[in-house]
Structures are given as structure tokens and as C-alpha cells.
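Undergrad: So for the sequence shown, the numbering used here puts the first residue at 32; every next one is plus one.
Glycine included, each C-beta is placed from N, C-alpha and C at the ideal position.
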Amino acid sequence: MSPGRLAAARGSWRTALRIARREARRSRRRTLLVLVMIALPVLGLSFAAASYDMSELTRSEQLDRRLGAADAELRWSSLTPVTQDRWGDNSWPVEGDPVPRTRPVTADELRALLPAGSRVVRVRRWMPFETPIGRRTVSFEARALDLTDPLARPLATLREGRVPVRPDEIAVSPAAQRRLDTRPGAPVRTTDGTPYRVVGVVEFPDNLGEVVTLSGVAPDGPPTDESWLVDLPGAMDEALADRLNARGIQVSTRSPLPGRQEFDNGTPLPDAEEAGVSVLVGGLGLLEVVLLVGPAFAVGVRRRRRDLALVAVAGGDAAHLRRIVLADGVVLGAGGAALGLLLGVGTAFAGRPLVEQYLIHERLGAYRVFPSALAAIAAVAVLAGVLAALAPAWTAARQDVVAGLAGRREAPRPRRRWLLLGALLTVVGTALAAFAATRTSPTGVLAGVTLGELGLVFCTPTLVGLLARAGRLLPLTPRLALRDASRNRSSAAPAISAVMAAVAGSVALGVYVASDDARQRAGWQPGLPPGHALVQFADQEGNPRPTLAAVTDRVRAVLPDAGVAGLAIPECARPAAPDDYCVALAVRPPEERCRYEPFEVAPASARDDPRCRQPFREPNDISLPAIVDDGEVLAALTGAPADEVAAARRTLAAGGVVVTDPRQVADGRVRVEMSHSSGAPSAARLLPGYPLRGGLPVDRLVLSPAAARALGLVAAPLGYLVDAADPPTDGQRERLIDELSEVAPASLQVSTADPPTDQRPLLLLLAAASGVITLGAAAVATGLAAAEGRRDLSTLAAVGADPRVRRVLSLCQAGVIAVLGSALGIVAGLGSAAVVLASLNQRYAQSWPVQPPYPVTVPGLTMAVLVVVPLVAMLGAALLTRSRLPVERRLD
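What follows is the structure, given as C-alpha cells:
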């Protein structure tokens with residue numbers, strides 16, 4: 032470009048920006064609307080960026096929280112020489128395997144390795160501390176250090192009282208104080224009966240959770256739990272670090288140690304899949320903002336068509352007109368970015384205590400704002416403004432100058448190439464999403480969905496024109512609304528597309544979530560009859576296991592009609608080693624076994640082989656090994672019919688076994704194999720067997736006591752089976768755990784008929800998000816249409832139209848945006864979800880073992896919200912519109 036043309040281009044841009052700034056001041060309501068819509072996402076992103084930057088501690092801040100006022104931190108957990116990185120974050124043995132210390136380090140032992148005049152103080156950061164609260168035992172993180180020592184004092188902040196100095200004194204964090212409901216001076220007793228007295232409230236900046244602080248003279252613990260803060264008379268030089276490493280001591284200092292490797296070379300590169308998903312999600316968000324802001328720029332261009340025509344008459348070409356409109360996007364995008372950044376950073380600074388307390392649970396670092404991220408966010412905001420003004424700019428450059436000077440509106444001519452491009456993008460995006468679904472590529476699926484939605488955006492103006500033609504058969508008011516939408520496609524089509532994109536994404540994700548939930552529910556297999564529970568007690572040395580009578584009394588105090596029975600599993604009668612355990616397994620005859628192992632490559636014929644079809648499923652909640660029983664718990668264990676349970680009991684009484692796979696029984700006998708984990712010789716027996724064909728379809732092996740003895744096994748107690756008449760409620764579970772914990776520490780597992788997950792909150796959140804966008808887009812488009820249609824309303828008033836016509840017209844205009852956008856979005860979302868699910872099902876059908884398919888499930892909650900939201904938008908438009916029709920003598 033020649034210097035003269037470059038100077039002219041710069042001058043035209045300066046002029047365009049001045050015109051845009053003047054227009055922004057003149058149209059303050061439209062300007063405020065655009066600023067708010069651009070500033071809101073900028074506010075959220077800048078808040079996240081500033082909060083993230085403050086949460087990423089610098090090396091100096093990390094060392095301050097680790098070292099306090101000390102020069103170095105030493106960790107002596109190995110007896111072999113080690114080498115380490117420059118900052119002492121990692122260490123490894125020089126050769127061979129590390130030999131851990133078996134006794135704690137003493138201060139004199141450590142001072143002997145340091146220069147004369149060195150001071151040391153011990154810090155233990157990870158200690159158990161359990162105390163009963165009510166009928167429950169609650170675990171806290173405990174730290175033991177001398178906070179009166181100047182080296183350790185900066186590690187914590189005293190909020191109330193004083194720091195502990197005696198072995199029987201503790202300080203608590205504010206969160207632990209609330210949990211314990213205590214105050215300085217109150218007693219606290221641990222589960223082993225050790226008494227303590229709370230003397231203060233202490234906060235550690237690296238953990239705002241529930242922390243208990245003990246004095247520095249707390250009992251010794253494992254050497255791996257302790258470190259030592261060191262105050263040296265000089266600097267930590269390389270020779271001293273080498274001597275300490277040679278004794279197995281890991282060194283951390285405020286400055287990097289020379290001669291060591293640097294492993295932390297900056298932030299690692301993000302995963303390509305995650306980066307792709309993030310870029311596409313950000314692109315969808317940018318597209319949504321562009322579509323929401325676009326109508327405001329389109330209306331601004333129509334209101335200024337006479338001014339733009341005068342620019343053309345004065346010698347301005349199409350490039351000048353485009354720059355004038357694009358300058359609106361630059362000015363308003365920059366204004367929205369500035370407003371959003373100011374509010375976002377201010378909110379991050381003001382909300383810093385809430386972020387620390389409820390999100391990351393530690394104190395943030397210094398006040399920082401992440402300048403590079405904020406610059407990128409501001410650039411994206413300006414880009415959103417420019418992209419939103421792009422289509423109106425091209426429209427302004429092609430307008431008829433004579434029509435603009437006369438103030439006539441021209442109906443836009445439908446361009447077939449946009450329809451063809453939109454259809455092509457939709458087809459390509461659908462194919463890409465289907466192909467990526469078979470490869471389980473989230474990035475590919477999201478890219479296909481994005482292309483499909485972009486194609487529908489290009490098709491929307493043509494659809495609006497077709498609907499306007501079909502509206503000739505409608506009454507006056509809806510016909511006027513459709514006509515206005517068709518005449519003002521540059522503002523109506525983006526609003527409809529914004530609603531469509533939001534609803535399509537919500538519906539597609541909602542259908543996938545609901546289908547996945549339905550698939551999980553269909554494949555859910557409880558390990559016990561639903562509502563039954565398994566109670567297990569922790570093994571305690573010197574304390575006998577609770578008796579059946581004691582457990583029954585506790586259970587029936589909460590569940591009066593419940594039955595309780597003991598469960599036993601087989602163990603080695605003569606273990607071959609101290610850690611040896613035995614496993615009993617029923618096997619099929621060779622002719623009934625499947626030739627293919629699970630998850631290996633298998634031919635298609637394996638899917639139709641009856642020997643490869645399992646008559647049972649793996650349990651999802653409670654998985655039990657083989658059971659030793661004489662038939663007492665058989666009914667509660669399997670849920671089988673009474674006649675089958677009676678026959679099975681007779682088999683157990685005869686010294687046999689009960690199985691749930693009929694193919695394991697041949698000529699009335701079952702082959703049971705017993706193997707040792709230590710590799711000792713195994714044993715196998717052919718025992719009388721009975722197949723349970725009813726009840727739970729899970730793999731179950733029940734051995735009679737005689738069968739267990741024949742295999743060299745003995746019965747060992749596992750726990751207690753609770754047979755409840757009705758499934759216990761959440762409150763009953765809490766009470767039952769409290770009752771059982773009075774006997775011994777107990778765990779409770781309740782078998783459920785359905786998965787414990789509930790997707791309704793997520794589905795409601797998706798529907799609410801799309802509903803908010805629908806209401807916003809409908810409100811913006813309706814308001815802009817009302818401002819643009821004042822001349823039509825004046826004409827209606829002049830010919831004697833009823834004042835209520837204006838309300839009905841606003842209702843219909845909102846309905847065109849909300850109903851049409853929601854309908855297109857629902858269709859697009861259902862189509863996208865159906866394609867993705869069909870592709871996944873095709874892949875699962877070819878897998879081995881065959882996995883259950885995804886049923887196409889339409890979430891009723893999401894659809895109900897999406898149906899109600901357009902009605903709410905229409906009703907709100909009617910109620911918020913004044914019914915008096917304007918009568919103006921002169922319209923500019």
C-alpha cells in the first residue's frame with residue numbers, strides 16, 4: 032500500500048472512530064445494552080483470571096509458608112545418601128532402594144551435622160487427631176510445632192487466646208472451632224481418652240480447613256511426618272548441602288542450590304484434547320455473545336441509514352461505510368471490555384476472602400491481576416464487538432443511496448448461497464460429530480456440533496423469510512410480527528440464532544446426560560436385594576467382635592422389623608504364609624466355557640455364542656466373595672423364591688454348594704477349586720450343587736460348612752446382613768451408624784435399586800441457562816423491534832387501531848423470537864444427540880463383551896422448562912409494554 036493510501040486509511044479509521052463515539056453518546060440505551068452484554072462475560076472471565084493468578088503462589092510465597100523465618104528446612108527420612116533437585120522438592124537415593132529411618136530424629140543429632148551456632152525447631156505437619164462428636168468419631172488434621180519459637184512463629188496467625196506450650200494443650204483453626212463447637216479454655220478428649228484443653232485459635236495460611244495445633248513437645252511419631260526448620264549462622268553453601276545429602280537429608284532453602292537439576296521449568300503444556308475442548312467451548316461462547324449483540328448493531332445501522340447515505344453522496348465508498356459501522360463494534364467492544372475488566376478485577380479483590388474460605392481453602396498470594404490473560408480477554412471482547420458489527424457493516428455498504436436518503440426501508444433479498452453454505456456446514460458438522468463419537472473424541476464431537484450450529488445460523492434468515500410468507504393466513508397482529516421479523520432479518524435472525532444455539536446445546540447435552548443416566552440405571556446391579564445392608568466392624572486388638580445379639584438390639588432400635596444374620600467367608604485352615612489367603616471358585620465344565628477372555632479381540636461369532644453370555648452381572652455397590660452358610664441367610668442374601676431357597680437348603684444340608692450359574696452344574700455336581708495367594712498347592716472337589724435360577728442375577732457361591740472343610744477352608748466372620756422390610760431412609764442410616772458405633776467402629780453399606788447419582792440438578796441448570804438466554808434475546812429483540820416500529824404503530828393509531836394492539840404485537844414479536852428459536856434449537860439438539868448416541872451405540876455393539884447401548888432419552892424436566900420459557904417471554908413482553916399507541920406529527 033502506498034504511503035498516501037495508508038495515511039488515508041488511517042484518517043478514515045480515525046474519523047470512523049469519532050463518529051462511533053458520537054453515536055454511542057447519542058444512542059445511550061442501545062449503547063448501555065451492548066456494553067452490558069459484552070461486559071458480563073468479561074466480568075466473569077477477568078474475575079477467574081485475577082483469582083487464579085492470586086492463587087498461584089510464587090516460589091518466594093511458597094517458601095515463606097514452608098520455612099517461616101528459617102533459612103532452610105531439613106527432612107531426614109532416609110538412612111542412605113540421596114540426591115535432590117535445586118529447591119529440595121524431590122529427592123531420590125544415589126543408588127539402590129532407600130532405607131527409611133525407624134526412629135525419630137533428635138535435635139542434638141541434627142545440630143551435630145550443622146555449623147556451630149545453628150538453631151533447629153521441629154515441625155510435624157501431618158498427624159492424626161480423632162475426637163468423638165456426639166456418637167461419631169471425627170478426624171482432624173493435626174500439626175505439632177512450637178509457635179513460640181521465632182523460626183516457626185510466621186507459619187501461623189494467632190486469632191484468639193494463645194499458642195499451646197504444654198503437651199496437654201491445643202489450638203484450633205476457626206473451622207475446627209466451629210466443628211467442635213468449642214472456645215479457649217474448653218476441654219477436648221480424643222477417642223483414646225487423652226485429654227486436651229483448647230487455649231487458642233490459630234490459622235495456617237496454607238490450610239483454612241479443620242486443623243488442630245499441638246505444642247512442640249507432642250509425642251513422637253513416624254520420621255516421615257517431621258521436618259526441621261534451621262537457622263544457620265551463614266548461608267547454605269554447596270558443601271554443606273552435599274554433606275547433608277550424603278547422610279540422607281533433603282534440603283530446602285530460599286535460594287536454589289547450585290549443582291542440582293531444575294525440574295520445575297514452568298507451567299506444563301496443556302493436554303491437546305483439553306485445549307481443543309476449551310477453545311471450542313470458548314468459541315461457542317463468543318458466537319453466543321456475537322449473536323446476542325448483533326441485533327443492536329443492525330438496528331443502529333437502520334436508524335443511521337440516512338447519515339450513511341450522506342457519507343456515500345459526499346464521496347465515501349463501500350470501505351468507508353464498512354469502517355464506520357465496524358468502528359461501532361470497536362468502540363463498544365472496547366468499552367464493554369474496560370467495564371467488564373474493571374468490575375471483574377474489583378470483584379476478585381473484594382471477594383478474595385470468600386474465594387479463600389469457600390473455594391480454595393487457603394490464603395491467596397499477593398494482589399495480582401494476570402495482565403496477559405486480561406489483555407487476551409479484552410482482545411476477545413473487542414473481537415466480539417467487531418464480529419457482531421460485521422454483518423450490519425456489509426449490509427450498510429450495499430444499501431441503495433437513494434432509498435437511504437428518502438428514508439425508505441428495503442426488504443432484504445434472500446441470498447441462496449448463504450442457505451447452501453448453511454446446509455453444507457450442517458451436514459458436515461453432523462458427519463464430523465458422528466465420526467468423532469465412534470472414536471470417543473470430545474474435541475471432534477464438539478467441533479461437529481459447533482459447525483452444525485453455525486450452519487443453522489446461516490439458514491435462519493431464509494427460514495424467517497419462509498415463515499413470513501406463510502404468515503399471510505394469520506390474523507393481523509401475528510402477521511405484522513412475522514412481517515417485521517422478515518423485513519428486519521439483520522436483527523431478528525441473530526436473536527433467533529442465539530436462542531437456537533443456547534437451546535440446541537442445552538437439549539443435546541441434556542439428552543446425553545439423561546440417556547447416560549438411563550443406561551446406568553438399566554445396567555445397575557445391586558449386590559444384595561435392594562434395601563438390605565451389610566454391617567462390618569473394624570478389627571480391634573484386644574476387643575472381641577460384637578455378638579449377633581448386641582448387633583440385633585442396636586439395629587432393631589432403629590429398624591424394629593429388621594432381621595439380622597451373620598455372614599461368614601472361607602479362609603485358609605492352614606495358611607502357607609502369614610499373609611496367605613485362600614479363594615474358592617466354582618468353575619464350569621470345559622465344554623461350557625467361553626473360549627475368549629473379556630476385553631480381548633474376539634470374532635463376531637463370540638457375541639452369539641451362548642457359552643459367552645453371562646446369566647449374571649457384576650454388582651455395582653456391594654461385591655461379596657464366596658459365603659459359608661448352612662442356609663440361614665440364603666433368602667436374604669439372594670432374594671430367591673421360597674421353593675428354590677428350600678431346595679438349596681437341602682443341598683447345603685447334604686454338604687453341597689449353591690451357585691447362580693446353571694452351567695456350573697453338571698450331573699448335579701459343581702467343581703469348586705481352592706487356590707492360595709502364596710502359590711501353595713490348590714485343591715479341587717466335585718460337590719453336590721444346586722443352581723438358583725431366581726433372585727439377584729449376580730455371581731454367587733455359597734459353601735456349606737462341610738464343603739468348606741473338604742476344601743481345607745474354615746468360616747471366618749465377615750459382618751452382619753440386615754434384612755429390612757423397607758429400605759432405610761437417610762435419617763435411619765445416620766441413626767443406625769450412631770447406634771452401631773457405640774458397640775465398635777462400624778461401616779454400613781446399603782444396597783440400592785438405582786444408582787446413587789441424580790442428574791436432575793444438572794438438567795435443571797442446563798435448562799435454566801438456555802432459558803435465561805432465551806428471555807434475554809427475546810427481550811432485546813422485542814425492544815429493538817418496538818423502537819424500530821414506531822412509525823408502524825403511529826400508522827395503526829391514526830387509522831383507529833385498539834390500544835391493546837401494541838401489547839399483542841409485542842407478545843407476537845417476542846413469540847417469533849422465543850418460539851422459533853426454541854423450536855429450531857430443540858430440533859437441532861435432538862438431532863445432534865441422536866446422531867452422537869447412534870454412533871456410540873454402533874461402536875458398543877461391536878465391542879467385546881457387548882456393552883449396553885444408550886437409550887435415546889428426552890429429559891422431561893429440560894423440555895418442560897424450554898416449553899414454558901417462550902410463554903414467559905411472550906407474557907412478559909405483553910405486560911411490560913404500554914398499551915397507548917404513539918401518535919407523532921414528525922418522524923426523523
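1. Can you give, in chain order, each stretch of the beta strand (DSSP E) that sits fully within the region 323-360 and has at least 3 residues?
2. Return the chain-ordered ranges of every beta strand (DSSP E) run that is complete within the region 732-790 and spans a minimum of 3 residues.
3. Which term fits residue 47, buried or exposed, when burial requires 16 or more other beta carbons within 10 angstroms of its beta carbon?
4. Give me the Cα-Cα distance between residue 39 and residue 51, rounded to the nearest whole angstrom.
5. Have a look at residue 601 and residue 562 and give me their C-alpha separation to the nearest angstrom.
6. Do residue 668 and residue 752 have their CB atoms nearer than 8 angstroms?
7. In chain order, what residues of the same chain have a beta carbon less than 6 angstroms from the beta carbon of residue 280, not counting five sequence neighbours either side?
8. Is residue 49 helix, strand or coil by DSSP?
9. Determine, using beta-carbon pairs with one atom in the region 369-378 and one in the region 447-464, whether at least three such pairs fall under 8 angstroms.
10. Where DSSP assigns a beta bridge to residue 235, which residues make up the other side?
11. Determine the DSSP secondary structure at residue 216, reduced to helix, strand or coil.
12. Rounding to the nearest angstrom, what Cα-Cα distance links residue 218 and residue 98 in this structure?
13. Just the Cα atoms here: how many angstroms apart are residue 63 and residue 331?
14. Examine the Cβ distances between the region 231-239 and the region 185-193 and report whether three or more of them are shorter than 8 angstroms.
15. Check whether the Cβ atoms of residue 590 and residue 782 lie closer than 8 angstroms to each other.
16. Between 243, 158, 70, 650, which lies nearest to residue 323 when the distance is taken from Cα to Cα?
17. Given residue 851, which residues of its chain have a CB within under 6 angstroms of its CB, disregarding the five upstream and five downstream residues?
18. Which of helix, strand or coil does DSSP assign to residue 280?
19. Name the residue from 125, 362, 193 whose alpha carbon lies nearest to the alpha carbon of residue 45.
20. Can you tell me which of 430, 759, 859, 448 puts its alpha carbon nearest to the alpha carbon of residue 592?
21. Return helix, strand or coil for residue 884, following the three-state DSSP convention.
22. Roughly how many whole angstroms lie between the Cα atoms of residue 37 and residue 911?
23. Just to confirm, are residue 424 and residue 325 a CB contact at a threshold of 8 angstroms?
24. Could you please give the first and the last residue of the uninterrupted beta strand (DSSP E) stretch that includes residue 169?
25. Going by Cα to Cα distance, which pick from 428, 276, 484, 807 is closest to residue 119?
26. Using the Cβ count rule (16 or more neighbours within 10 Å means buried), how would you classify residue 692?
27. Return the residue from the list 176, 102, 355 that minimises the CA-CA distance to residue 272.
28. Hey, could you find the ends of the beta strand (DSSP E) residue 160 is sitting in?
29. Quick one: what does DSSP say residue 535 is sitting in, helix, strand or coil?
30. Can you give the beta carbon distance from residue 372 to residue 395, rounded, assuming they're within the 8 angstroms contact cut?
31. Looking at the structure shown, is residue 37 part of a helix, part of a strand, or coil, going by DSSP?
32. Quick one: residues in its chain with C-beta nearer than 7 angstroms to the C-beta of residue 893, no 5 flanking neighbours on either side, listed in chain order?
33. Determine the direct distance from the alpha carbon of residue 903 to that of residue 784, and round the result to whole angstroms.
34. Residues in the same chain with beta-carbon distance under 7 angstroms from residue 370, minus the five sequence neighbours each way, listed in chain order, please.
35. Among the residues of its own chain, which have a CB less than 6 angstroms from the CB of residue 517, if the five just before and after it don't count?
36. Please return the same chain residues whose Cβ sits closer than 6 angstroms to the Cβ of residue 174, not counting the five positions on each side in sequence.
TA: Let's see:
1. Runs of beta strand (DSSP E) with 3 or more residues, each lying fully within the region 323-360, are absent.
2. 732-734, 744-754, 777-781
3. buried
4. In this predicted model, residue 39 has a pLDDT of only 47, less than 50, meaning its place in the structure is not dependable enough to derive any value.
5. 25 angstroms
6. yes
7. 105, 107
8. helix
9. no
10. 238
11. Note: residue 216 maps to coil in three-state DSSP.
12. In a straight line, the C-alpha of residue 218 is about 31 angstroms away from that of residue 98.
13. One C-alpha to the other measures close to 13 angstroms.
14. yes
15. At the C-beta level, residue 590 and residue 782 stay beyond 8 angstroms of one another.
16. Checking every option, the nearest Cα to that of residue 323 belongs to 70.
17. Excluding residues within five positions, the ones whose Cβ falls inside 6 angstroms are 527.
18. Secondary structure at residue 280: strand, using DSSP grouped into helix, strand and coil.
19. 362
20. The residue among 430, 759, 859, 448 with its C-alpha nearest the C-alpha of residue 592 is 759.
21. In the structure shown, residue 884 adopts coil according to DSSP, grouped into three states.
22. Only weak support is given to the placement of residue 37: the predicted model assigns it a pLDDT of 43, under 50, and the question is left unresolved by the model.
23. no
24. Boundaries of the beta strand (DSSP E) harbouring residue 169: 167-176, taken from the DSSP string.
25. 276
26. The residue in question, residue 692, is buried, as its Cβ has 16 or more Cβ neighbours within 10 Å.
27. 102
28. 150-164
29. helix
30. Not confirmed; about 19 angstroms, so no contact.
31. Here the model assigns residue 37 a pLDDT of 43, short of 50, so the residue's position is not dependable, and the following value carries that caveat. DSSP places residue 37 in helix when its eight states are reduced to three.
32. Residues of the same chain with a CB within less than 7 angstroms of the CB of residue 893, apart from the 5 flanking positions on each side, are 537, 538, 541, 794, 797, 798 in chain order.
33. 38 angstroms
34. 66, 70
35. Closer than 6 angstroms at Cβ, skipping near neighbours: 495, 496, 499.
36. 156, 244
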